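Its first residue numbered 1, the sequence shown is counted upward by one per residue in our numbering.
Virtual Cβ for every residue (Gly too), placed ideally from N, Cα, C.
Since the model is a prediction, treat every value here as computed from it, not as a measurement.
Notes follow once the structure below has been shown.
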Amino acid sequence: MKKLIVLIAAIAFVNHYNPSLLSFIWQKDGAFNASGTAKALLFVHGECGVPCNAALEHLKSKSIKPDVIDLKDNADGRTLLLRYVDSTTLPVLVVGNNIYNGFNARSYNEFLYEIKGDSIFSWRDKRVYKQHFNEFNQPKVVIYSARGCARCSDLRDDFDSYGIEYIEWDINNNSEAKIRYNILAQAYGGSSDALLYVGTRRIEAFEVVSVLQAIEDLM
1 MKKLIVLIAA
11 IAFVNHYNPS
21 LLSFIWQKDG
31 AFNASGTAKA
41 LLFVHGECGV
51 PCNAALEHLK
61 SKSIKPDVID
71 LKDNADGRTL
81 LLRYVDSTTL
91 PVLVVGNNIY
101 NGFNARSYNE
111 FLYEIKGDSI
121 FSWRDKRVYK
131 QHFNEFNQPK
141 VVIYSARGCA
151 RCSDLRDDFD
161 SYGIEYIEWD
171 INNNSEAKIR
181 YNILAQAYGG
191 SSDALLYVGT
201 RRIEAFEVVS
211 VLQAIEDLM
């Protein structure tokens, strides 16, 4: 419960003293049902080929029925896409406030957790992500760090400034964390010097604002 209070307090603190930092979270277009729950929106193109087909097949395999927008000869669809991204890389998946360009099965699952819960994951992944939650099933802020990670040092300073509690696992000195890191990093080429997570959500940009958005989504 302490972590929940601290994380909510951090969001309130930032919003009070620097609301512009969070303005894009509160104002950004997203994919939501009328009830306010997250849904999946997928932008594809008839000539996109393998990545779009892989995205569609993956969502089907997870029993997710996205709103599919085919951009071929679809000016309105292209206009809608620009509300979310400037890039023309397809497919584009939107889940709630989260946007992913291209296709990566693990990244898709981490976003789709907001819709399906942990049923979206394999048994092995469930064991990994379980370590990212506390005993009250509230998401932890987790850093998997390695030697020479300069951005980890900057992030620690930011977390301390905003009063955000986090756990850091040194993969060079913690064998269990190293195993989890290897499972997670495999999907991203395994070359990262660190991984940052909030619960099941990988935070690609090592920035406080991205962490706060994930906390807002997953709480």
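- VAL198 sits buried, since 16 or more C-beta atoms from the chains shown fall within 10 Å of its C-beta.
- Here GLU114 is not near ARG202, since their CB atoms are 7 Å or more apart.
- For the pair THR89 and LEU42, the Cα-to-Cα distance works out to about 12 Å.
- Of all alpha-carbon atoms in SER61, GLU176, ARG156, ASP154, the one lying nearest the alpha-carbon of ALA105 is that of SER61.
- Counting only the Cα atoms, LYS72 lies some 33 Å from GLY117.
- Residue range 123–130 is occupied by the alpha helix (DSSP H) that includes TYR129.
- ARG124 and ALA146 have their C-alpha atoms roughly 23 Å apart.
- Taking the Cα positions, ALA55 is about 38 Å away from ASP160.
- Contact between GLY96 and ASP217 holds, since their C-beta atoms are separated by about 6 Å, short of 8 Å.
- Distances from the alpha-carbon of PRO139 to those of LEU212, SER63, HIS45 put LEU212 closest.
- Straight-line spacing of the CA atoms in CYS149 and ASP193 works out to 6 Å.
- Taking 8 Å as the upper bound for CB-CB distance, ASN101 and SER87 are in contact here, some 5 Å apart.
- If one requires a minimum length of 3 residues, the beta strand (DSSP E) runs lying completely within the segment 25–66 are 40–44, in chain order.
- For SER210, the enclosing alpha helix (DSSP H) begins and ends at 208–218.
- Within the DSSP bridge table, the entry for PHE111 names no partner.
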